[in-house]
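First comes the structure, then the notes that go with it.
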Amino acid sequence: MKLSKEQHKELFYKMTLCREFEETAAKLFIAGKVHGTAHFCIGEEATGVGVCSPLEVEDYITQTHRGHNQGIGKNMDVNRMMAEFLGKQTGYCKGKGGCMHIADFSVGSLGANGVVAGGLPIATGAALSQQYLGKKNITVCFFGDGAANEGAFHESLNLASVWKLPVLFVCTNNLYGMSTHINKSMNIEDISVRAASYGIKGIALDGNDVVTIYQETLKAKEYVLEHGPMLMVLNTYRWTGHSKSDAQLYRTKEEVNQWKERCPIKRHRDLLIDQKLFTEEELDELKREAVQKIKDAVAFAENSPEPSIDDIFDDVYAL
Amino acid sequence: MKLSKEQHKELFYKMTLCREFEETAAKLFIAGKVHGTAHFCIGEEATGVGVCSPLEVEDYITQTHRGHNQGIGKNMDVNRMMAEFLGKQTGYCKGKGGCMHIADFSVGSLGANGVVAGGLPIATGAALSQQYLGKKNITVCFFGDGAANEGAFHESLNLASVWKLPVLFVCTNNLYGMSTHINKSMNIEDISVRAASYGIKGIALDGNDVVTIYQETLKAKEYVLEHGPMLMVLNTYRWTGHSKSDAQLYRTKEEVNQWKERCPIKRHRDLLIDQKLFTEEELDELKREAVQKIKDAVAFAENSPEPSIDDIFDDVYAL
Amino acid sequence: MREITYAQAIQEAMSEEMRRDQNIMFMGEDIGVYGGAFGVSRGMFEEFGDKRVRDTPITELAITGCAAGAAMTGLRPIVEIMFSDFMTLAMEQLVNQAAKNRFQFGGQAAVPMVLRTPGGSGTGAAEQHSQSLEAWVCHVPGLKVVIPSTPYDAKGLLKAAIRDNNPVVFIEQKLLYRTKGEVPEPGDDYIIELGKADIKREGSDLTIITYGRMVPRALEVAEAFSQKGTSIEVIDIRTLVPLDTEALISSAKKTGRVLIVHEACQRGGYGGEIAGLIADSEAFFYLDAPIKRLGGLDVPIPYNPNLEAQVVPTVESITKAVNELL
Amino acid sequence: MREITYAQAIQEAMSEEMRRDQNIMFMGEDIGVYGGAFGVSRGMFEEFGDKRVRDTPITELAITGCAAGAAMTGLRPIVEIMFSDFMTLAMEQLVNQAAKNRFQFGGQAAVPMVLRTPGGSGTGAAEQHSQSLEAWVCHVPGLKVVIPSTPYDAKGLLKAAIRDNNPVVFIEQKLLYRTKGEVPEPGDDYIIELGKADIKREGSDLTIITYGRMVPRALEVAEAFSQKGTSIEVIDIRTLVPLDTEALISSAKKTGRVLIVHEACQRGGYGGEIAGLIADSEAFFYLDAPIKRLGGLDVPIPYNPNLEAQVVPTVESITKAVNELL
Ligand SMILES: Cc1ncc(C[n+]2csc(CCOP(=O)(O)OP(=O)(O)O)c2C)c(N)n1
Ligand SMILES: Cc1ncc(C[n+]2csc(CCOP(=O)(O)OP(=O)(O)O)c2C)c(N)n1
Ligand SMILES: [Mg+2]
Ligand SMILES: [Mg+2]
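Chains as they are written, first to last, in this note's numbering: chain A, 3 to 321; chain B, 3 to 321; chain C, 4 to 329; chain D, 4 to 329.
Laid out in structure tokens, this is it:
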């Protein structure tokens, strides 16, 4: 399937928006405006954006701690994301969750997770609902290479497979779990081989190729609805440290630079221009839009009220 | 490698002893002499006996809840096993553990486990000790088909693989986890394929063929010492219910009967006679010895004192 | 009224609710044809089929999280953990996800699920199959915790738990499964609101606060003391979270003597919470004696039946504790 | 005496013990080159190499059980769980195996391991990275539990924990990692015996019983009250299990007023155990006021820094509680 101009535009814009979101967020950190931590996905934008863009609202996703690209891919509102990042009442979690817990049930995001592999059982359950209720939608479950070593990975893929649940397990393999290279955390090169343990299909893709990811996700959705779960591994890289404080002694500058040359956004941009789908100017204009959108988001967030301690017991229990 | 007459004798005797142990234990149950539960491995004797007999004292094993064959294979004392079964002070656990917790550190058994897959991380740790201390011994970790779906399975095999620990993971696949057939608990036929997820070797053997198991274990020990962990699946069947109370509605009498025809003890007996290694009389005499040994064990156990509540705080903490 | 067992009461509660609401489903290990390790769900697979009554692989973490995920997206799952000791494998999903998702997502999620699991000792199943771990879950905001002591309470409370929009940990008592008690006819729908203690016996001289399997023992002791002219009130808290603090405090004020009894190990048990609440309430000023706690010994549950019976409160040890307070 | 940080004290304790005993090894996620999420183990990988300081995959259950298995077979492992919230993934191995193996094997096993993990809130890491779960492990016979409040205590207690022949859960306080205090020179080997509370400040009018991060707050409050002529005793229990019950009871007898403070959620927190012990001791007869507990609010830890700061006891709320008792 060839992507339409509209679809390409969406991919490019969302990736750019995500990059801008995080670069701005990083500056807010440095400016001392944020308490807490954040995990940036700069360099990995193609994964969440490529997978989530072809989904419908009724398709669910579960996000990771490194999930801004996933949220933006699923059409979350950057104003509310930024407000949550700054801990404001208007944020997605009313300032109570922070960016490790952004969620937007209205667009189908069942939330980011602070626990590595914490989203896998949840996604399995969401897919169980979809199957049980006879919906023709799927759940996409994001997790990292490090998460693939947790027991929750094994149990969730196995359960989903036994029950043929419509869940697409997406492993964003950025080669590291915090500081630990996958060659120290698993004795295999290609994580997708693990699919065989569950008798399901596994594929590995270039995680910086947003177009292929988009196309393969569409196919995967059909596959998963018909046959049950599938494991899709997206091989990519994070450019920045694991979280705000990371001296990155565990990898070389060269390695990082090599991957920077494979920037998913630049790659897509080059493709759009090569194929004459967009002009440089059009893409620059899209970028400006994204920059403005994030500026507005910061303004929105900064002008939003702080949550009040008087509401602290709200939402501990539902009525 | 061909087995010596002595080795054959050991295998035959241990399997017979185990069968006799459990049949006697079942009678003690019916006679109301036992509080609690027990999990019999009748029909599976070749697994634990075949794997443990070629091991040295310094090789460790971790046992399952269905582990009498493993313990007897590793030369545990049936007197103390029986005493533990009856909850006596002379039992392996001073009557505090019961048969889900029999252990004999003096012969290298690090204990049975009441938790499905509970022994896998423990075995990994024992193998870490062996590697760390430069020993030329291995740890054998027993677990069931059901256990292979627990997160502990995944995490332990992965960790052992990454660190190349000398551990042989032995899955006794008796087709059921309690009442649940493996075709309802996993979407694969051959559990040994799961080895590929950890980049390790996996083999599947006829779990009722004690001779092959013995031979393959010897090879596996060498392999594991050189290359790190390996997964050995032994396909077998339990003849009796899961535990003392099991109506067995989940399987047919025919299925059970088919497997009874594949009795591992009878098979070995037939082989010994076919190959003229032993006469019928010699084997009958061995059986009589086993029967007497278990009779003595019951007498030992029944004549042993009950533990006293005054010692209840002993062994909660070590000094 | 007809009498049924505690196990049947639980099965009826699930079945009646499942008939009422198609989105309730039930999953766990060997709960289908086998009927569950304690036979609680016998017959349910036959009635509801394999879509709604699901045998799972042995995978406690996944089924707990799966229930939470399904609960956030339209179902109302009941999950059975075969022994409460195996909650140890499910704590991550129960505590970090199910309990917190509503709060940490700013109210976007509701997680209407029930985790049913049998607790307690007495079956000779030893250390890893006999624990009473309710104190852990009581310490987790976002969870509710119920432990019924009679068939009547079990049915009414389980129905309330299933209808509740929060994750409820419903801890059953193995040794009560076969006990019988009066329960209204099947059609006769009743609910026992979570958060209400029940005075199982009124009294004026001393209050025993307890729950679960210790309730019948406390009643037995109270009955014996009444022969000797001592009037003991027995309060069954039934729901540990939310706790009916008011009921406990007024009873303590009335009798001036409080004994708290539970099977769980005394150190760090929920008895401490109850003692702490009373000691920091106006009841403090009415107390005629120290607040006494009698929990299980701080040892793992041993296998030998004599030992096993003696590491938890017995009629004898409760009697002794009452005497010390009088 | 020289001053070092709480984090350095912990690192020194581990390093000195590892130099002393070759069979001590250390494993955890990102503890090697990275130095641990909080930099506690910085430099240890360089000194001890990858055999003794082992980065692990993200696999909390396996490393906890692996430590237990190694401990039973000749090593003395230290395992780090990056945040105490992730103990939720390791409870099965910690509680059913490590804690019980000695008892359930009739004394055949010893399990000399230390599980180190940082607890508490205050870093803006929200619900799943900020819990204080010590009450859970205190409820498990077979485990010992330590929470130090100063660099001096951290070093001496960790050394004792490493030399102990039982599984010890050693909970560190994130917000104390960068605090400094006097600690003897590296060569100067000292041990603080597990099970001894420390009177961090003597007083006669009221006792604050606390531990961990709340100790400096309690001291600040005590100092402020001393200006106004009220003398507050501050007891740092340091080891929650075994607990120095004697020290608590004698202080309560002396002052007649007790306030228990901890960061963990109040409901089901270890404060209940302490209140229960005092309320059932002879100190009861010396009390001039109810036993007061001040724990964290019964809510998950929120992200917003203002909210986060207010859900745990503060100098203000401790002060208020003291005033209520006086
Ligand atoms: C259960 C658990 N263990 C440890 C952590 C600490 N931690 C946060 S992110 C991370 C690395 C995760 O690696 P991966 O799954 O590859 O995701 P990535 O960060 O690379 O996107 C770790 C160890 C955690 N949050 N949860
Ligand atoms: C963690 C855990 N979950 C559930 C159980 C209850 N249980 C005991 S044995 C068993 C079946 C185990 O199946 P398998 O691993 O195949 O071993 P088998 O009994 O067939 O030998 C179950 C579910 C348990 N003991 N531990
Ligand atoms: Mg990664
Ligand atoms: Mg099996």
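Every residue gets a Cβ at the ideal spot worked out from N, C-alpha and C, and that includes glycine.
Since the model is a prediction, treat every value here as computed from it, not as a measurement.
With a Cβ-Cβ cutoff of 8 Å, do residue i and residue j count as a contact?
{"i": "Ala-299(A)", "j": "Val-109(A)", "result": "no"}
{"i": "Glu-22(B)", "j": "Ile-44(B)", "result": "no"}
{"i": "Glu-220(C)", "j": "Pro-303(C)", "result": "The sequence shown places Arg at residue 220(C), rather than the Glu named in the question. For Arg-220(C) and Pro-303(C), no; Cβs fall outside 8 Å."}
{"i": "Asn-71(A)", "j": "Glu-47(A)", "result": "yes"}
{"i": "Phe-144(A)", "j": "Ala-119(A)", "result": "no"}
{"i": "Thr-238(A)", "j": "Asn-259(A)", "result": "no"}
{"i": "Asn-99(C)", "j": "Met-75(C)", "result": "no"}
{"i": "Ile-150(D)", "j": "Ile-212(D)", "result": "no"}
{"i": "Glu-2(D)", "j": "Glu-236(D)", "result": "In the structure displayed, chain D extends from 4 to 329; residue 2(D) sits before or after that span and is not available."}
{"i": "Gly-68(C)", "j": "Gly-230(A)", "result": "no"}
{"i": "Ile-61(C)", "j": "Glu-287(B)", "result": "no"}
{"i": "Thr-39(B)", "j": "Asn-115(B)", "result": "no"}
{"i": "Leu-290(C)", "j": "Gly-271(C)", "result": "no"}
{"i": "Ile-252(D)", "j": "Glu-285(D)", "result": "yes"}
With 8 Å set as the bound, which would you pick, yes or no: does the beta-carbon of residue i sit closer than that to a beta-carbon of chain D?
{"i": "Lys-177(C)", "result": "no"}
{"i": "Val-117(A)", "result": "yes"}
{"i": "Ile-294(C)", "result": "yes"}
Tell me, please, whether the CB atom of residue i is closer than 8 Å to any CB atom in chain A?
{"i": "Glu-228(B)", "result": "no"}
{"i": "Met-47(C)", "result": "no"}
{"i": "Glu-266(D)", "result": "no"}
So with Cβ pairs under 8 Å, would you call residue i a contact of chain B?
{"i": "Leu-1(D)", "result": "The requested residue 1(D) is not part of the displayed model; chain D covers only 4 to 329."}
{"i": "Ala-206(A)", "result": "no"}
{"i": "Tyr-273(C)", "result": "no"}
{"i": "Met-188(A)", "result": "yes"}
Which residues bound the beta strand (DSSP E) around residue i?
{"i": "Tyr-62(B)", "result": "62–64"}
{"i": "Asn-237(A)", "result": "232–237"}
{"i": "Ile-308(B)", "result": "For the record, residue 308(B) in the displayed sequence is Glu; it is not Ile. Here Glu-308(B) belongs to no beta strand (DSSP E), and DSSP marks it neither H nor E."}
{"i": "Glu-188(D)", "result": "From DSSP, Glu-188(D) is part of no beta strand (DSSP E); its letter is neither H nor E."}
{"i": "Ile-207(B)", "result": "Looking at the sequence itself, residue 207(B) is Leu, so the reference to Ile does not match. Where Leu-207(B) is concerned, the enclosing beta strand (DSSP E) stretches over 203–208."}
{"i": "Arg-296(C)", "result": "295–299"}
{"i": "Asn-175(B)", "result": "169–175"}
{"i": "Gly-52(A)", "result": "No beta strand (DSSP E) contains Gly-52(A), which is instead part of the alpha helix (DSSP H) from 47–54."}
{"i": "Thr-254(A)", "result": "Per DSSP, Thr-254(A) belongs to no beta strand (DSSP E) and is neither H nor E."}
How is residue i classed by DSSP in three states: helix, strand or coil?
{"i": "Arg-79(C)", "result": "strand"}
{"i": "Met-30(D)", "result": "strand"}
{"i": "Gln-72(A)", "result": "helix"}
{"i": "Leu-135(B)", "result": "coil"}
{"i": "Leu-246(C)", "result": "coil"}
{"i": "Gln-91(B)", "result": "coil"}
{"i": "Leu-146(D)", "result": "coil"}
How far does the alpha helix (DSSP H) with residue i in it extend, from its first residue to its last?
{"i": "Asp-53(D)", "result": "47–55"}
{"i": "Gly-122(C)", "result": "First-last for Gly-122(C): 117–122, but that is the beta strand (DSSP E), not the alpha helix (DSSP H)."}
{"i": "Asp-239(D)", "result": "Asp-239(D) -> not in any alpha helix (DSSP H); beta strand (DSSP E) instead, spanning 235–239."}
From the beta carbon of residue i, is the nearest beta carbon of chain C less than 8 Å away?
{"i": "Gln-313(D)", "result": "no"}
Using a beta-carbon distance cut-off of less than 8 Å, what residues from the region 97–110 of chain D approach chain B? Listed by position, the residues of the region 97–110 of chain D near chain B (Cβ gap below 8 Å) are Asn-99, Gln-100, Asn-104, Arg-105, Phe-106, Gln-107, Phe-108, Gly-109 and Gly-110.
Name, going along the chain, the residues of the region 138–149 of chain C whose beta-carbon falls closer than 7 Å to a beta-carbon of chain D. Ala-138, Trp-139, Cys-141, His-142, Pro-144 and Gly-145
Residues from the region 66–96 of chain D in contact with chain B, defined by Cβ distance under 8 Å: Ile-66, Thr-67, Gly-68, Cys-69, Ala-70, Ala-71, Gly-72, Ala-73, Ala-74, Met-75, Thr-76, Gly-77, Leu-78, Pro-80, Glu-95 and Gln-96
Closer than 7 Å, Cβ to any Cβ of chain C: which residues of the region 18–46 of chain D, in chain order? none
Residues of the region 168–182 of chain B with a CB closer than 7 Å to any CB of chain A: list them in chain order, please. none
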